[in-house]
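**Student:** In our numbering, the protein residues as written are 488 to 759.
Ideal placement from N, C-alpha and C gives every residue a C-beta, glycine not left out.
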């Protein structure tokens with residue numbers, strides 16, 4: 488049953504992506520409403536898939552790389568829907584839908600067995616740490632997409648060739664403001680994820696910090712986002728510079744996560 492929901496979710500996200508692409512050419516409200524409806528339906532199926540997986544595994548479905556990528560896809564879609572509800576930033580779905588799809592497609596090529604956690608790791612810290620970490624990652628993903636939107640919009644304005652998707656994007660001021668808000672939410676969540684991970688490590692292994700690759704890269708990512716926020720607060724970093732730096736930090740976050748977990752064979756190598 489879990490596999491059924493997983494594949495139907497991927498199909499829904501693929502259809503939503505195609506309709507969003509069609510919206511870029513048609514630029515009609517009716518088209519984007521269809522895209523949003525399909526995405527919402529896919530999110531509902533995605534939620535069902537996670538619930539079934541949780542029931543089958545008997546634990547939070549976030550322990551393997553397949554599960555982690557699936558959960559990352561879900562929580563990013565969830566955050567986008569929250570942003571859509573509050574800010575009506577509909578064009579953001581053009582970026583979120585394919586991102587959620589890519590994460591699911593990548594997960595589909597990974598081992599899907601619902602492995603049991605070692606007793607030392609079977610702790611309430613698992614869902615607490617992972618939910619905080621991936622919610623922070625979702626905020627950073629949205630900030631990254633907003634940064635891409637800023638660069639595109641800025642390019643149109645500087646070239647003075649106002650055409651295409653320029654007319655469906657919000658102003659540079661709105662994009663930059665929302666990007667900053669996402670960073671303001673994401674950074675404390677990243678900090679809490681590092682702290683909760685250290686506490687979990689101490690309860691499981693007797694050490695708060697032992698310089699595993701994932702811990703090192705988490706710290707590097709933390710410094711990158713800290714530098715970005717510091718630059719925005721003290722050096723007046725705004726607009727294009729902040730957008731590009733946000734992209735660099737997000738690339739480091741996602742790249743290190745995927746590479747480290749592919750090498751270790753599981754989320755953070757916990758199942759080695």
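Have a look at 543, 743 and 624 and flag the residue whose alpha-carbon is nearest the alpha-carbon of residue 560.
**Tutor:** 624
**Student:** Put residue 551 into one of helix, strand or coil per three-state DSSP.
**Tutor:** coil
**Student:** Just to confirm the assignment: which complete alpha helix (DSSP H) runs, minimum length 4, are found wholly within the stretch 642 to 693?
**Tutor:** Runs found: 659 to 692.
**Student:** How is the alpha helix (DSSP H) around residue 448 delimited, first residue to last?
**Tutor:** Here the chain covers residues 488 to 759 and nothing more, so residue 448 does not appear.
**Student:** With H, G and I counted as helix, E and B as strand and the rest as coil, what does DSSP make of residue 722?
**Tutor:** Collapsing the DSSP output to three states places residue 722 in coil.
**Student:** Considering only residues of the same chain and omitting the five flanking positions on each side of residue 570, which have a CB-CB separation below 7 angstroms?
**Tutor:** 576, 579 and 629
**Student:** Rounded to the nearest angstrom, what separates residue 541 and residue 670 at their Cα positions?
**Tutor:** 30 angstroms
**Student:** For residue 564 versus residue 530, is the C-beta spacing smaller than 8 angstroms?
**Tutor:** yes
**Student:** If we call anything under 8 angstroms between Cβ atoms a contact, is residue 549 one with residue 590?
**Tutor:** no
**Student:** Drop a sphere of 10 angstroms on the beta-carbon of residue 705, count the other beta-carbons inside from all chains shown, and report buried for 16 or more, exposed for fewer.
**Tutor:** buried
**Student:** Please report the distance separating the alpha-carbon of residue 520 from that of residue 586.
**Tutor:** 19 angstroms
**Student:** Go ahead and label residue 722 buried or exposed: buried means 16 or more other beta carbons lie within 10 angstroms of its beta carbon, across all protein chains shown.
**Tutor:** exposed
**Student:** With H, G and I counted as helix, E and B as strand and the rest as coil, what does DSSP make of residue 745?
**Tutor:** helix
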